[in-house]
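Peer 1: Residue numbers (my numbering): 938 to 1097.
The beta carbon of each residue, even a glycine, is placed where N, CA and C say it ideally should be.
Here the structure is a predicted model, which means the values were calculated and not measured.
Before anything else, here's the structure in question.
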């Protein structure tokens, strides 16, 4: 029996199954059973043709999944960049406010990164002082502020 014979046999089996289920169903649900049987017959009739056009539902689902993963990864990266920028801005604003309290004028650039546990933290700082030049004690106080309050070790601080 070839492919056409097995296709015709599946159509007959679907029709027979639909007829038996319709005969056994209560009167109230006969319409529902007939509709389900019709869908079963339609599926049995169309299923063999799915391979003719090269259509592969599994491949289509894999492509959709890959596109969704790319979109999600893009959104995660964008959100991470926004959070990183916010952490940097807030740390810079805090440092500048504390320097202003000391009567110092400076610019600061703080870089944030993810630590080993996946938490976004201040990573490094570059501070440029404007005249009047701060005293050594003031610079030490700002270094301590960066190290203990913002978590930036001395090795990742630059003061000019």
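Look up residue 1047 in the DSSP assignment and say whether it is helix, strand or coil.
Peer 2: Here residue 1047 refers to the residue found at position 110 of the chain shown. Three-state result, residue 1047: strand.
Peer 1: In the DSSP assignment, the alpha helix (DSSP H) including residue 961 goes from what residue to what residue?
Peer 2: Within the chain shown, the letter at position 24 stands for residue 961. 940 to 961 is the extent of the alpha helix (DSSP H) around residue 961.
Peer 1: Please confirm whether residue 1076 and residue 1085 have their CB atoms less than 9 Å apart.
Peer 2: By 1-based counting over the chain shown, the position of residue 1076 is 139. By 1-based counting over the chain shown, the position of residue 1085 is 148. Not closer than 9 Å, so no.
Peer 1: Would you mind stating whether residue 1025 and residue 1059 have Cβ atoms separated by less than 9 Å?
Peer 2: Sequence index remark: in the chain shown, residue 1025 carries index 88 (1-based). Sequence index remark: in the chain shown, residue 1059 carries index 122 (1-based). Their beta carbons are under 9 Å apart, which means residue 1025 touches residue 1059 by this criterion.
Peer 1: Classify residue 949 as buried or exposed, calling it buried when 16 or more other Cβ atoms lie within 10 Å of its own Cβ.
Peer 2: Counted from its first residue, the chain shown places residue 949 at position 12. Classification for residue 949: exposed.
Peer 1: Under a three-way DSSP split, which group does residue 1064 fall into?
Peer 2: In the chain shown, residue 1064 corresponds to position 127, counting from 1. Reduced to three states, the DSSP call for residue 1064 is strand.
Peer 1: Is residue 1097 helix, strand or coil by DSSP?
Peer 2: In the chain shown, the residue the question calls residue 1097 occupies position 160. The answer is coil: DSSP assigns residue 1097 none of H, G, I, E or B.
Peer 1: Can the beta-carbon of residue 981 be found closer than 9 Å to that of residue 1022?
Peer 2: In the chain shown, residue 981 corresponds to position 44, counting from 1. In the chain shown, residue 1022 corresponds to position 85, counting from 1. Going by C-beta atoms, residue 981 is not nearer than 9 Å to residue 1022.
Peer 1: Measure the C-alpha to C-alpha separation of residue 973 and residue 984 and round it to an integer number of angstroms.
Peer 2: Residue mapping note: residue 973 aligns to position 36 of the chain shown, counting from 1. Residue mapping note: residue 984 aligns to position 47 of the chain shown, counting from 1. Cα-Cα distance, rounded: 16 Å.
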